[in-house]
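Colleague: No gaps in the numbering here: position 137 of the sequence shown is 657 in our numbering, and each next residue is one more. For each residue, glycine too, the CB sits at the ideal point set by N, CA and C. I'd like to ask some things about the structure below.
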Amino acid sequence: MRPVIFSQISLDLKHTRLFRSPSNTDDMAEEAKKLAGYAAVDNHVQNNQVVGVGSGSTIVYAVDRLAERVRQEKLNIVCVPTSFQVSVRMCLLSAVLCSSSLTPYQLDVAIDGADEVDAALTLIKGGGGCLTQEKIVASCAKHFIVIADFRKDSSALGQQWKKGVPIEVIPMAYVPVSRTIAKRFGGEAVLRMAVSKAGPVVTDNSNFILDWKFEHIHNWKEVNIAIKMIPGVVETGLFVGMAERVYFGMEDGNVGVRDPPVN
521 MRPVIFSQIS LDLKHTRLFR SPSNTDDMAE EAKKLAGYAA VDNHVQNNQV VGVGSGSTIV
581 YAVDRLAERV RQEKLNIVCV PTSFQVSVRM CLLSAVLCSS SLTPYQLDVA IDGADEVDAA
641 LTLIKGGGGC LTQEKIVASC AKHFIVIADF RKDSSALGQQ WKKGVPIEVI PMAYVPVSRT
701 IAKRFGGEAV LRMAVSKAGP VVTDNSNFIL DWKFEHIHNW KEVNIAIKMI PGVVETGLFV
761 GMAERVYFGM EDGNVGVRDP PVN
């Protein structure tokens with residue numbers, strides 16, 4: 521296996537030098553998210569495209585840049601959002617035509633964030649609870665592009681992201697699914713509880729989410745398939761062999777680009 525391609529680029533665009541001596545790591549991470557989001561939109565979105573748009577805090581910057589380009593360049597773009605959050609933001613920007621259905625469209629590109637990215641471009645996604653919609657949209661796109669800040673970069677899953685792999689389940693099945701996962705793969709699969717209300721988190725699909733805190737590195741392709749075969753599982757937050765490229769906003773104001781390893 522050849523080494524993973526991971527290059528640093530400094531794009532010749534006005535927005536690429538956004539750092540103004542951030543006061544802490546959180547400020548730096550927000551600037552890095554913006555760098556990655558802008559780079560992905562500028563490099564992969566063209567006129568007359570259908571664009572899948574993911575969810576989460578990083579994708580907000582991609583949406584802002586997309587709306588900006590639509591206004592400035594008069595682009596004809598149809599966007600397919602993966603969450604209510606993104607749909608609302610697009611409507612507020614009033615610059616992008618949205619569709620909530622994939623039925624009439626072939627997606628040219630999908631852009632989304634990630635909770636963690638390993639050296640092989642295997643992703644953990646679903647920290648925000650929209651993993652099923654995100655995986656559907658990503659799988660329907662000709663090109664799946666991921667954006668993240670420097671904190672999401674890992675050599676192996678679990679190195680940076682400590683909250684586990686999200687797994688969407690039918691509500692009545694969360695107990696047997698949790699037990700089966702722990703028995704077969706080790707670790708613990710815990711029902712995700714809501715913060716602003718009593719009870720568990722409920723997804724846009726009216727399901728529950730288990731967060732599987734695994735104990736060691738697995739063959740993620742095999743594990744993903746095996747978990748999906750457990751009765752009651754809707755989808756997992758493991759995205760294996762799907763990402764075509766990842767843009768990392770870096771601490772120094774550059775954008776790191778990682779492509780999949782070549783076997």
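Entirely within the segment 585-650 and at least 3 residues each: give me those beta strand (DSSP E) ranges in chain order.
Modeller: Listed in chain order, the complete beta strand (DSSP E) runs (minimum 3 residues) inside the segment 585-650 are 597-601 and 627-632.
Colleague: What is the residue span of the beta strand (DSSP E) that A714 lies within?
Modeller: Where A714 is concerned, there is no enclosing beta strand (DSSP E), given that its DSSP letter is neither H nor E.
Colleague: In chain order, what residues of the same chain have a beta carbon less than 6 Å from the beta carbon of M770, not counting five sequence neighbours either side?
Modeller: Hits under 6 Å: F670 and G776.
Colleague: Taking C-beta to C-beta, are T602 and E755 nearer than 9 Å?
Modeller: No, Cβ-Cβ distance for T602 and E755 is not below 9 Å.
Colleague: I think L711 touches Y694, with their Cβ atoms under 8 Å apart; what is that distance to the nearest whole Å?
Modeller: Correct: roughly 6 Å between the Cβ atoms.
Colleague: Taking one C-beta from the segment 602-613 and one from the segment 742-750 each time, how about it: are there three or more such pairs within less than 8 Å?
Modeller: The answer is no - the segment 742-750 does not touch the segment 602-613, with fewer than three Cβ pairs under 8 Å.
Colleague: Determine the direct distance from the alpha carbon of Q592 to that of V753, and round the result to whole angstroms.
Modeller: So the two alpha carbons sit approximately 44 Å from each other.
Colleague: Going straight from the alpha carbon of L586 to that of V616, what length do you get?
Modeller: Going by the C-alpha atoms only, they are around 8 Å apart.
Colleague: Hey, would you say I687 sits closer than 9 Å to D632, going by beta carbons?
Modeller: No, the pair does not count as a contact, with Cβ atoms beyond the cut-off.
Colleague: Specify the secondary structure class of K733 as computed by DSSP and reduced to three states.
Modeller: Correct three-state label for K733: strand.
Colleague: Would you say the beta carbon of C618 comes nearer than 8 Å to a heavy atom of the ligand PLP?
Modeller: The ligand PLP is absent from the structure shown, which contains no ligand whatsoever.
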